[in-house]
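Respectively, the protein sequence lines represent chains A, B, C and D.
Be aware that the first sequence starts at 1, since it is given in full-length UniProt numbering, and climbs by one per residue.
Be aware that the second sequence starts at 1, since it is given in full-length UniProt numbering, and climbs by one per residue.
Be aware that the third sequence starts at 1, since it is given in full-length UniProt numbering, and climbs by one per residue.
Be aware that the fourth sequence starts at 1, since it is given in full-length UniProt numbering, and climbs by one per residue.
A virtual CB, placed ideally from N, CA and C, is assigned to each residue, including glycine.
As the structure is a prediction and not an experimental result, all values here were calculated from the model.
Here the structure is laid out as structure tokens; the discussion comes afterwards.
There are 4 protein chains.
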Amino acid sequence: MAHTTASGAPRDMVLIDQQPTTFNEADALVHSSDPLHPANHICSLCRQFYTHGWVTGTGGGVSIKHGNHIFIAPSGQQKELMRPEDMFVMDFATRQYLRRPAVLKPSACTPLFLAAFTQRGAACCIHTHSQWAVLVTLICESGLQNPSERNVFSMKEIEQIKGISRGGAGSSEIAEGGRKVGNLGYFDTMQIPIIENTAHEEDLRDTLEKAMVEWPEACAVLVRRHGVYVWGKDVAQAKTQCESLDYLFQLAVEMHKLGLKWV
Amino acid sequence: MAHTTASGAPRDMVLIDQQPTTFNEADALVHSSDPLHPANHICSLCRQFYTHGWVTGTGGGVSIKHGNHIFIAPSGQQKELMRPEDMFVMDFATRQYLRRPAVLKPSACTPLFLAAFTQRGAACCIHTHSQWAVLVTLICESGLQNPSERNVFSMKEIEQIKGISRGGAGSSEIAEGGRKVGNLGYFDTMQIPIIENTAHEEDLRDTLEKAMVEWPEACAVLVRRHGVYVWGKDVAQAKTQCESLDYLFQLAVEMHKLGLKWV
Amino acid sequence: MAHTTASGAPRDMVLIDQQPTTFNEADALVHSSDPLHPANHICSLCRQFYTHGWVTGTGGGVSIKHGNHIFIAPSGQQKELMRPEDMFVMDFATRQYLRRPAVLKPSACTPLFLAAFTQRGAACCIHTHSQWAVLVTLICESGLQNPSERNVFSMKEIEQIKGISRGGAGSSEIAEGGRKVGNLGYFDTMQIPIIENTAHEEDLRDTLEKAMVEWPEACAVLVRRHGVYVWGKDVAQAKTQCESLDYLFQLAVEMHKLGLKWV
Amino acid sequence: MAHTTASGAPRDMVLIDQQPTTFNEADALVHSSDPLHPANHICSLCRQFYTHGWVTGTGGGVSIKHGNHIFIAPSGQQKELMRPEDMFVMDFATRQYLRRPAVLKPSACTPLFLAAFTQRGAACCIHTHSQWAVLVTLICESGLQNPSERNVFSMKEIEQIKGISRGGAGSSEIAEGGRKVGNLGYFDTMQIPIIENTAHEEDLRDTLEKAMVEWPEACAVLVRRHGVYVWGKDVAQAKTQCESLDYLFQLAVEMHKLGLKWV
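Structure below.
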């Protein structure tokens with residue numbers, strides 16, 4: 001009696017983009033005994049994010065850039081069950097897949113992850129469907145918190161804001177015009193832009209890239225009625241910023257319920 | 001000093017429906033070293049669902065159809081403590097129990113699970129008592145969200161809706177009249193019918209089957225003041241749809257608290 | 001460098017109530033390799049209840065009656081760290097301690113646990129400080145849900161009510177006057193009495209015993225601004241009723257927030 | 001392929017304050033097979049506190065005083081991933097670091113932890129960013145619960161208050177003028193002062209120390225829009241008081257939503 005699932009199906013060697021890749025070469029990209037190897041790390045992060053309610057129902061995703069390799073969790077799979085052999089690996093320079101599990105689909109978030117790696121020099125990007133992120137975008141949309149700020153989430157004078165960097169990953173390199181770098185201070189106003197959702201996730205790329213240009217200090221972009229993209233210069237920064245933002249989103253929803261202003 | 005519980009009681013060979021079944025034959029149906037064998041899988045799913053608050057207080061249930069065998073968790077038992085030997089096994093064609101643990105009662109949900117397997121070609125059906133599902137049915141009942149939609153939960157333009165299939169399990173086979181198959185799109189309106197609760201769970205069958213006919217695109221039926229039944233073509237689809245729906249139910253309750261409309 | 005805590009302190013043989021008990025005899029009462037032995041079971045239950053938020057901050061407690069022995073978790077200790085050797089053991093007939101850990105205090109809940117064992121024939125009693133239980137007693141006190149029911153929590157037509165027994169433990173033995181036994185039905189009204197809190201927990205005994213007499217169908221008593229006592233004929237019944245009640249308390253608070261009536 | 005993180009970086013012998021310390025001497029301070037050794041205990045506490053949402057996004061912190069040694073978790077690190085070798089160790093008398101992990105920063109909370117150890121004789125101090133603590137300070141600030149108590153959180157007649165000590169750690173030693181010692185009673189009013197947040201955490205020291213003087217019965221100080229500092233005579237007391245307070249903060253927020261008064 002054999003029990004197979006999508007992620008349990010046999011995975012054969014794949015030929016991609018004219019680059020013959022042997023089974024062993026492609027597989028070696030995702031096999032390591034190091035728990036911090038990107039293929040292993042994405043799996044443990046997904047298990048942790050599932051318990052936070054960030055990636056239930058196959059939603060959300062994670063990508064890590066390691067050198068010239070981009071590791072990406074597949075689309076439409078149960079995130080808490082991810083295994084290293086489920087990972088896609090893309091060459092950053094050529095955008096060609098070096099490894100592509102036969103029966104899985106690449107994540108529709110891929111162009112958005114690449115935007116963070118390219119525009120911000122990020123090395124990790126996390127996408128969650130956190131209900132707190134969605135509710136914050138709905139409250140902004142309603143204009144009930146601040147009628148003039150429907151497309152940006154602003155908050156200040158909350159200690160946890162100090163966990164958020166200016167300019168996202170690699171801010172020290174990309175800062176210009178004398179803009180301050182490092183993390184936000186307690187009296188600074190944190191601003192996270194909100195873009196409108198689209199029918200297809202990959203169609204978010206243009207507005208997400210535009211938001212990155214217009215909000216050079218933001219380390220995240222909220223997507224209305226959808227969730228949030230958060231990046232960082234490494235896994236630790238992306239993850240802790242994602243935690244701090246989720247904390248702030250939840251706090252903002254509770255404050256709104258209590259009739260308190262965010263700014 | 002012996003400590004026995006209902007589920008820890010000795011289980012003897014049982015004779016069911018004139019079909020003599022030896023202990024070994026009946027037991028072999030639920031013993032496997034494969035964690036994805038239905039008897040093992042139901043146990044691990046129940047433990048996970050308990051942590052979500054879906055099956056506390058012995059509420060809720062899970063059934064998996066594997067070939068011609070229906071595996072069902074027993075009634076009135078602590079779901080987080082389920083063991084493979086607690087499972088009932090029914091023959092799909094004859095509706096006769098092939099295995100029936102001596103001291104346990106079959107689930108009152110059995111006719112409802114069978115409806116999903118028969119009418120929708122599902123292979124897994126999950127029943128939860130999620131408080132969010134119950135609250136959604138109460139808000140609909142109150143008419144405070146939409147006075148003209150007391151018997152259906154509708155939601156649109158929330159990304160997580162894309163985790164919900166049209167027509168439930170096996171939609172590609174049963175779709176007719178040119179109806180679109182696959183998952184819902186972001187701009188589609190998700191509609192989950194709500195049926196009224198009855199004194200005895202098995203009496204829900206007629207209205208549940210009627211709802212399945214009337215709402216061919218639904219992959220779930222809400223039961224007022226009770227919970228939800230969710231099905232899928234396999235365990236992964238049933239489980240991830242159950243997660244997506246629970247996410248949407250909770251989001252809907254929070255939106256209602258904030259004075260926001262679901263559609 | 002020695003690190004000792006209250007529960008890590010050495011425990012010596014104790015002489016209690018003129019009954020000389022050797023170290024081995026007293027210790028044998030709490031040492032077993034059976035995970036369902038009361039001394040082990042209380043520890044695993046406490047760990048589980050801690051994750052539910054029922055016994056944080058050393059609050060709450062659990063007692064199991066096994067034959068003529070009453071096993072009780074100590075007072076003022078971290079419940080998620082309980083070990084079998086922390087357990088008090090009392091003789092049910094004589095009310096004398098057969099085992100009394102030297103550096104620990106017996107639970108102030110002891111007379112209340114005994115009331116459930118004596119008056120209701122229970123074999124397990126759980127006391128939680130669940131915030132949902134406390135909030136329900138506060139809403140009743142306010143009269144905002146029902147001004148004429150400040151001393152009883154009533155709910156009906158919620159499926160989870162069917163997880164609650166009539167008359168608590170041993171109801172079949174104590175039922176009289178033709179009262180129905182078994183669990184509540186969907187259309188029955190569940191009623192849990194609320195007693196006022198006192199400065200000292202042991203002083204709750206009289207009103208708790210009075211409530212047990214006046215509400216023979218109740219399997220639990222709420223204590224205003226404090227928590228709840230829930231009992232059952234065995235651990236499974238006490239635990240699952242405690243889970244069902246907590247589910248109902250939380251649902252009731254959410255319903256009240258949404259302006260919905262409990263009955 | 002090497003994967004290094006901040007906390008995974010190699011740690012060399014460090015020379016601190018002219019006191020040459022060999023690798024082995026400094027390291028011996030944090031290496032022990034005893035799970036209750038402060039260096040191990042802080043790690044397990046941080047993992048537990050992370051699941052409570054108290055120290056996400058690198059927020060919060062813990063310090064334990066053991067004899068003349070102060071153990072402190074580092075600043076800006078993921079608290080659920082702490083390892084014994086990440087700990088700073090300070091000499092209580094000289095305030096000099098006996099161990100200072102090369103690539104980590106000492107916690108900005110250090111002067112505040114020291115205030116609890118010095119002024120109150122505490123041996124453990126916990127700092128959380130609990131959202132419930134922050135919300136309580138916001139509700140007080142708004143004056144909506146009690147316009148005359150913006151700088152103190154007061155609550156009474158809730159059983160869990162009995163989990164809070166008078167005068168914090170070592171109260172029996174520092175109590176004077178006949179003030180009662182021990183824990184609060186049910187009819188006592190618990191009062192936790194609230195101080196205003198500052199741009200830099202270390203600048204809280206003066207107002208925190210002032211609050212300790214002005215509120216000698218308090219075992220904690222709330223920091224507006226930031227979190228809470230809780231101390232105790234040992235880890236058990238600090239931790240269980242922190243749990244009891246967090247329970248009370250959450251209950252207070254829920255009570256406020258329901259229109260109920262705290263006192």
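- Chain D places no beta carbon closer than 7 Å to that of Ile64 (chain A), leaving this residue out of the contacts.
- Between His129 (chain D) and Val55 (chain D), the beta carbon gap of about 7 Å places them in contact (Cβ cut-off 8 Å).
- Of the other Cβ atoms in all chains shown, 16 or more fall within 10 Å of the Cβ of Thr110 (chain B); this residue is therefore buried.
- Proximity of Ala199 (chain A) to chain B, defined by a Cβ-Cβ separation below 7 Å, is satisfied.
- At least one CB of chain A lies nearer than 7 Å to the CB of Gln131 (chain D).
- Taking 7 Å as the threshold, the shortest C-beta distance from Leu112 (chain A) to chain D does not fall below it.
- For the 7 Å CB-CB criterion, Ile164 (chain B) and Ser63 (chain B) do not form a contact.
- Using beta-carbon distances, His52 (chain D) does not count as an interface residue toward chain A, since no partner is under 7 Å.
- For Thr207 (chain C) and Gln119 (chain D), the gap between their C-alpha atoms comes out near 43 Å.
- In this structure, DSSP gives Cys242 (chain A) a helical state, which the three-state scheme calls helix.
- Under the three-state reduction of DSSP output, Asp188 (chain A) falls in the coil class, being neither helix nor strand.
- Residue environment: Asn197 (chain D) is assigned as buried (16 or more neighbouring CB atoms within 10 Å of its CB, all protein chains considered).
- Closest in alpha carbon position to Gln160 (chain D), among D:Val152, D:Gly143, D:Asn183, is D:Asn183.
- Contact annotation: the stretch 20-39 of chain D touches the stretch 93-107 of chain D, with at least three C-beta pairs closer than 8 Å.
- Proximity of Arg225 (chain B) to chain C, defined by a Cβ-Cβ separation below 7 Å, is satisfied.
- For Asp91 (chain A), the enclosing beta strand (DSSP E) covers residues 88-91.
- In the DSSP annotation of this structure, Trp132 (chain A) is not part of any beta strand (DSSP E); the continuous alpha helix (DSSP H) holding it starts and ends at 131-142.
- The C-alpha of Asn68 (chain C) lies about 18 Å from the C-alpha of Pro106 (chain C).
- Listed along the chain, the chain C residues whose CB falls inside 9 Å of the CB of Lys257 (chain D) are Lys257.
- For Ile139 (chain B), the C-beta contacts it makes with chain C under 7 Å involve Leu258, in order along the chain.
- Gly182 (chain C) is outside the set of residues whose beta carbon lies under 7 Å from a beta carbon in chain D.
- With contacts defined by Cβ atoms closer than 7 Å, Cys219 (chain C) and Gln241 (chain C) form a contacting pair.
- Looking only at A:Leu81, A:Ser33, A:Leu36, A:Asp86, the smallest Cα-Cα distance to Phe49 (chain A) is reached by A:Leu81.
- In the DSSP assignment, Pro193 (chain C) forms a beta bridge with C:Val152.
- For Val230 (chain B), the enclosing beta strand (DSSP E) begins and ends at 227-232.
- According to DSSP, residue pairing for Thr128 (chain C) in a beta bridge involves C:Val228.
- In the DSSP assignment, the residues bridged to Ser63 (chain D) are D:Ile72, D:Cys125.
- In this structure, Cys125 (chain D) and Ala238 (chain D) form a Cβ contact; the two beta carbons are roughly 6 Å apart against a cut-off of 8 Å.
- The C-beta of Ala93 (chain C) has fewer than 16 other C-beta atoms within 10 Å across all chains shown, which makes the residue exposed.
- Judged by DSSP in its simplified three-state form, Val221 (chain D) adopts strand.
- Around the beta carbon of His41 (chain C), 16 or more other beta carbons sit within 10 angstroms, so the residue counts as buried.
- Chain C places a beta carbon closer than 7 Å to that of Thr56 (chain B), counting this residue as a contact.
- Between Asn146 (chain C) and Ile194 (chain C), the CB-CB gap reaches or exceeds 7 Å.
- The alpha carbon of Trp132 (chain C) has as its nearest neighbour, out of D:Glu201, D:Val263, D:Met255, D:Lys261, the alpha carbon of D:Met255.
- Annotated three-state conformation of Leu258 (chain A) is coil, per DSSP.
- Following the DSSP letters along the chain, one finds Arg99 (chain D) inside the beta strand (DSSP E) bounded by residues 97-99.
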